[in-house]
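Right, one structure below, let's go through it.
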Amino acid sequence: MRPLTEALIVIDVQNDFCPGGALAVAGGDAIIPRINALLPEFGARIFTQDWHPADHSSFAANHGAEPFSLVEMPYGPQVLWPTHCVQGTTGAEFHPALDTDPAELILRKGFRAGIDSYSAFFENDRTTPTGLEGYLRSRGIEAVTLVGLATDFCVAYSALDAARLGFRATVLEGACAAIDLNGSLAAIKAQMAAAGVRLEA
């Protein structure tokens, strides 16, 4: 058992991000047994859940555009994704193999139609908070370990924000899976290392 000052944050292990889903990450379901095994080690366990309205601005279909193309939003460049994790759909549900019972907080993100939300801490404008920082501080959490989907987007953005906020942040790469869009994995790993995020197998 780890100290009570350490939290496990399980990022977006949902049907749409696993094989067969609308935005499937290769091997996305293969990491679930390790995540389940990690849960008892931590005294604080937080799960995040992508939770988009159908008219979300990050969906390519809502722009008449090709998935994975780029568009400029008021907060900067935005990848346009296939429609995924729509509120109330099976795709938005946690993968059935994931043990969700130990979750003490399930944080839904991406519910504002006009802005995407990769990080567990902030919307993509990097200023609108999700409330997770306050929750962790009120529980006395000093360090976070991040696992889940996808390494190079929601996991990495969450880890970078955790480090920026002063938490000790670790990403367990073996309990994550990546999209690796146009070399995004190598680029974000370099950013995480530079920011002081620990990358462990």
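Numbering (UniProt numbering), first residue to last: 1 to 201. All residues carry an ideal CB built from backbone N, CA and C; glycine is no exception.
- Query: Given 8 Å as the limit, is there contact between the segment 91 to 101 and the segment 131 to 141, that is, 3 or more CB pairs closer than that?
  - Reply: no
- Message: Under DSSP, the beta strand (DSSP E) around E6 begins and ends at which residues?
- Response: E6 to I11
- Query: Enumerated in chain order, which unbroken segments of the alpha helix (DSSP H) with a length of 4 residues or greater are wholly contained in the segment 110 to 187?
  - Reply: 132 to 138 and 156 to 164
- Query: Of all the options E6, R168 and R108, which has the alpha carbon lying nearest to the alpha carbon of G88?
  - Reply: R108
- Message: Which residue marks the beginning of the beta strand (DSSP E) containing P77, and which one marks its end?
- Response: First-last of the beta strand (DSSP E) with P77: G76 to V79.
- Query: So, V13 versus L146, is the Cβ gap smaller than 7 Å?
  - Reply: no
- Message: If we define contact as Cβ-Cβ less than 7 Å, is V86 a contact residue for chain C?
- Response: Looking for chain C here will not work: only one protein chain is present.
- Query: To the nearest angstrom, how far is it from the Cα of E142 to the Cα of F122?
  - Reply: 18 Å
- Item | Of the listed residues A175, T48 and F68, nearest to W81 (C-alpha basis) | F68
- Three-state class that DSSP yields for R34 in the structure shown: helix
- Item | Identified DSSP bridge partners for D50 | K109
- What's the gap between the Cα of A194 and the Cα of G166? Each residue's alpha carbon lies about 14 Å from the other.
- Item | Supposed contact pair H52 and C85 - C-beta distance, whole angstroms, cut 8 Å | In this structure C85 touches H52 by the C-beta definition: roughly 5 Å separates them, less than 8 Å.
- Query: Where DSSP assigns a beta bridge to F94, which residues make up the other side?
  - Reply: Q14
- Message: As a quick exercise: from A163, A177, T130 and G43, pick the residue whose alpha carbon is nearest that of P3.
- Response: G43
- Message: Starting from E200, trace the beta strand (DSSP E) in both directions and tell me its first and last residue.
- Response: Here the beta strand (DSSP E) through E200 covers R198 to E200.
- Tell me, which residues are paired with M73 by DSSP? Beta-bridge pairing links M73 to G76.
- Query: Between S184 and S58, what straight-line distance do the alpha-carbon atoms span, to the nearest angstrom?
  - Reply: 18 Å
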